[in-house]
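Trainee: Following the numbering used here from start to finish, the sequence shown increments by one per residue and tops out at 227. All C-beta atoms, glycine included, are put in the ideal place defined by N, C-alpha and C. Before anything else, here's the structure in question.
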Amino acid sequence: MKSAPLSMGACAFLSVFLPLFIASRFCLLAAQEDETKFFDSPDKRFSLKVSLPNKEAEEAKLEVVEKASGNVVGDLGTDYGSIMSHIRVVWSRDSKRLAYRTAGVKEWSTNVYFWDGSAFHYVALPEDLPSPDIRFRKSDEHGGVKNYGGGEEPVRWLKSRDLELSSQPRQMARESSRTYTATLTITIHFDAHHHASSVKSVSKSTTRVE
């Protein structure tokens, strides 16, 4: 039976109570353990598999697998290893459409894939999607800001087969240290051939101050 991998905190604990060479051996094995997450489709037929070869790897592998056979039905390429903590996955109700947020702390986007009966294929979203306006308080308008980044992440697939995205850039006013997060909801329309043909609607932007 395969034992559970050790956390880095457990490695530090072992290094205190065990001889160095033994603790190092345990920690090396922990670092070599792969990390894999699965995001199942509603019908449980498919799963988005996100895997790191080991905990120190810089890139994660993404692929859609058929759960019954284990066959790969969509090669989604690679992304930064940080995607393991940042990813957000949205499946459509019929399990034929997939959207997920890419990795990134300051910049991220949404990737979309459609099932054509034999494999999942990438579909490009429109370029230059709308971005919300951040409304600063008057006292923060001219003091300079620190950009925390932003991007679009998927919210849900609608019954109309359109995709709803949320765009949330974030900035901090340098003088007051207030953090401003603006939010905008964008709906993308797809035609009969699964092409993202247009931006169907855009909500009013709102700003949250912390």
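Distance, Cα to Cα, Val140 vs Tyr165?
Mentor: Residue numbering aside, residue 140 sits at position 123 when the sequence shown is read from its first letter. Residue numbering aside, residue 165 sits at position 148 when the sequence shown is read from its first letter. In this structure, the straight-line span from the alpha carbon of Val140 to that of Tyr165 is close to 28 Å.
Trainee: Apart from the five residues just before and just after Met18, which ones in its own chain have a Cβ nearer than 6 Å to its Cβ?
Mentor: By one-based count along the sequence shown, residue 18 stands at place 1. Low local confidence applies: a pLDDT of 43 at Met18 is under 50, so the model's placement there is unreliable, with the coordinate-based value given in what follows. Cβ within range, chain order: n/a, list empty.
Trainee: Could you check whether Gly91 and Ala120 sit closer than 8 Å to each other, using their CB atoms as the reference points?
Mentor: Against the sequence shown, residue 120 aligns to sequence position 103. Against the sequence shown, residue 91 aligns to sequence position 74. Cβ atoms of Ala120 and Gly91: not closer than 8 Å.
Trainee: For Ile39, which three-state DSSP category applies?
Mentor: On the sequence shown, residue 39 is found 22 positions in, with the first residue counted as 1. Summary for Ile39: the model assigns pLDDT 48, below 50, so the residue's position carries little reliability; its value from the coordinates is reported in the next sentence. Ile39 falls in the helix class under three-state DSSP.
Trainee: What is the DSSP secondary structure of Ala47, reduced to helix, strand or coil?
Mentor: Looking up residue 47 in the sequence shown gives position 30. The predicted position of Ala47 is uncertain, since its pLDDT is 42 and thus under 50; a value taken from the coordinates is nonetheless stated next. If DSSP states are grouped into helix, strand and coil, Ala47 belongs with the helices.
Trainee: If I'm right that Asp51 touches Asn71 with Cβ under 8 Å, what's the distance once you round it to whole angstroms?
Mentor: In the sequence shown, residue 51 corresponds to position 34, counting from 1. In the sequence shown, residue 71 corresponds to position 54, counting from 1. Going by Cβ atoms, the distance from Asp51 to Asn71 rounds to 6 Å, so yes, they are a contact pair.
Trainee: Can you tell me where the alpha helix (DSSP H) with His210 in it begins and where it stops?
Mentor: For the purposes of this step, residue 210 is taken as residue 193 along the sequence shown, with counting starting at 1. Element bounds for His210: n/a, residue is neither H nor E.
Trainee: His103 lies in the alpha helix (DSSP H); which residues open and close that run?
Mentor: Here residue 103 refers to the residue found at position 86 of the sequence shown. That run of the alpha helix (DSSP H) goes 100 to 103.
Trainee: Locate the beta strand (DSSP E) running through Lys163, then write down its first and last residues.
Mentor: Residue 163 sits at position 146 when you count from the first residue of the sequence shown. Where Lys163 is concerned, the enclosing beta strand (DSSP E) stretches over 162 to 174.
Trainee: Taking Ile205 and Pro143 to be in contact with their CB atoms under 8 Å, please state how far apart those CB atoms are, rounded to whole angstroms.
Mentor: For the purposes of this step, residue 205 is taken as residue 188 along the sequence shown, with counting starting at 1. For the purposes of this step, residue 143 is taken as residue 126 along the sequence shown, with counting starting at 1. With a Cβ gap of about 7 Å, Ile205 and Pro143 count as contacting.
Trainee: Just to confirm the assignment, what range does the beta strand (DSSP E) spanning Asn128 have?
Mentor: As a position in the sequence shown, residue 128 is number 111, starting the count at 1. Element bounds for Asn128: 127 to 132.
Trainee: For a quick check, are the C-beta atoms of Ala199 and Pro149 less than 8 Å apart?
Mentor: Residue numbering aside, residue 199 sits at position 182 when the sequence shown is read from its first letter. Residue numbering aside, residue 149 sits at position 132 when the sequence shown is read from its first letter. Cβ distance < 8 Å, so Ala199 and Pro149 count as in contact.
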